[in-house]
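Notes follow once the structure below has been shown.
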Amino acid sequence: MSDEEETIASIPPPDTGEIEFGSELPVLPIRNAVLFPAAVAPFDVGREKSVALVEDIENLDQPIIAIVAQRDPSTDDPDQSDLYPVGVAARVLKALKHSSGNYSLILQGLVRIRLEQMVTSEPYIRARVSRLEEPAAEDVESEALAMSLRDIAKQVIQLMPELPREAGSLIDSIQEHGQLADLVAANLDAPVEEKSQLLETLDAKERIRKVLRLLTRQLEILKMRERINSQIKEEMGKNQREYVLRQQLKAIKEELGEEEGDQGDLDVLEERLAKANLPSEADKVA
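Position one of the sequence shown corresponds to residue 1392 (this note's numbering), numbered consecutively onward.
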């Protein structure tokens, strides 16, 4: 799957004040995924222009590029209108070239950026970008929203055994509310369009509200799945118990059938004797 995110982890976010990049960046369009600030994710790169971009920067020390999600994943050669307006500046932590000529990248999202204007599309996309500043939100309402988000996120984690055990601790370790919303958003099972809307939402409180709605929906789906699985297991257990009981009953009937067979033979013999009109003495002997 080219240019597609497979899994997402998260590491402590970098100090945004220390992140420096120019007003023009190489742009790597990605399909079926949205990268958030502080998230670390692997991507497979196989399109001609994407490969050209990686080959141009692979000798640089952790270069910074623009990562922007595509609206339609089937578009092979997207232009600016095919991309969502907000993406992230991302650091290329690792680039591994395969024998096919394709690459696997490890990217770390840094800060939100807006795609202002495409400068060139050959040999790959370069565009002018602007850094988006996020207003701080650390008031009482924001704290209450963050607490709700943590609580629901932990419930989701408990219902998803495939998630690492340290996921809950990671949720608790992030104190900045906007970063907490981004961490949860990065791991949401949601369409690209909805995730892109979260990326475009700069106000932390509004972003937490949106994430809460999506996360609550996911929690309800997981609870429903849990109920369905429990019902299936209960039904399977019931059917299994009934099968065992039927087999036991069959065995008992077979044993009783042999005894009943002996009594049946006696009944047939008595009937034949009656039809033979034997003398009373013979009847008594019989």
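The beta-carbon is built from N, C-alpha and C at its ideal position, and this holds for glycine as well.
Model, not experiment: these values are computed from the prediction.
Rounded Cβ spacing between residue i and residue j (contact assumed at less than 8 Å)
i: residue 1414; j: residue 1519; result: 6 Å
i: residue 1498; j: residue 1484; result: 7 Å
i: residue 1436; j: residue 1475; result: About 19 Å; that fails the 8 Å criterion.
i: residue 1598; j: residue 1572; result: 5 Å
i: residue 1595; j: residue 1512; result: That pair is no contact at about 35 Å.
i: residue 1509; j: residue 1471; result: 5 Å
i: residue 1459; j: residue 1428; result: Their Cβ separation, rounded to whole angstroms, is 14 Å, which puts residue 1459 and residue 1428 out of contact at 8 Å.
i: residue 1442; j: residue 1492; result: 7 Å
i: residue 1593; j: residue 1496; result: At roughly 27 Å, the Cβ-Cβ gap does not stay under 8 Å, so residue 1593 and residue 1496 are not in contact.
i: residue 1585; j: residue 1605; result: 6 Å
i: residue 1426; j: residue 1457; result: The Cβ separation is near 10 Å, so there is no contact.
Whole-angstrom distance between residue j and residue i, CA atom to CA atom
i: residue 1418; j: residue 1411; result: 16 Å
i: residue 1578; j: residue 1570; result: 13 Å
i: residue 1543; j: residue 1643; result: 54 Å
i: residue 1515; j: residue 1623; result: 52 Å
i: residue 1567; j: residue 1576; result: 14 Å
i: residue 1678; j: residue 1528; result: This structure leaves residue 1678 out entirely; the chain is present only between 1392 and 1677.
i: residue 1423; j: residue 1626; result: 38 Å
i: residue 1564; j: residue 1574; result: 11 Å
i: residue 1590; j: residue 1517; result: 21 Å
Outcome for residue i when other beta-carbon atoms lying within 10 angstroms are tallied against a minimum of 16
i: residue 1652; result: Per-residue confidence for residue 1652 stands at a pLDDT of 49, beneath the threshold of 50, marking its modelled position as unreliable; the derived number appears in the next sentence. Answer is exposed; the Cβ neighbour count stays below 16.
i: residue 1340; result: The chain is shown from 1392 up to 1677; residue 1340 falls before or after that span and cannot be answered.
i: residue 1675; result: With a pLDDT of only 44 at residue 1675, under the threshold of 50, the placement of this residue in the model should not be trusted, and no figure is reported.
i: residue 1341; result: Outside the shown range of the chain, which is 1392 to 1677, sits residue 1341, and nothing can be said about it.
i: residue 1531; result: exposed
i: residue 1500; result: buried
i: residue 1635; result: exposed
Residue i: CB within 7 Å of a non-hydrogen atom of the ligand SAM
i: residue 1488; result: No copy of the ligand SAM appears in this structure; indeed no ligand is present at all.
Validate contact between the region 1474–1487 and the region 1502–1521 using beta carbons, cut 8 Å, 3 pairs = Yes, the region 1474–1487 touches the region 1502–1521.
task = Could you pull out every unbroken beta strand (DSSP E) segment of at least 3 residues lying fully inside the region 1455–1525, listed in chain order?
result = Fully enclosed beta strand (DSSP E) runs of 3 or longer: 1455–1460, 1477–1488, 1494–1511 and 1517–1522.
key: Contact between the region 1549–1557 and the region 1441–1461 (3+ Cβ pairs under 8 Å)   = Between the region 1549–1557 and the region 1441–1461 there are fewer than three C-beta pairs closer than 8 Å, too few to call the two in contact.
request  = Would you check if there are 3 or more beta carbon pairs closer than 8 Å linking the region 1455–1475 to the region 1525–1539?
outcome  = In short, these stretches do not touch, since the Cβ pair count stays below three.
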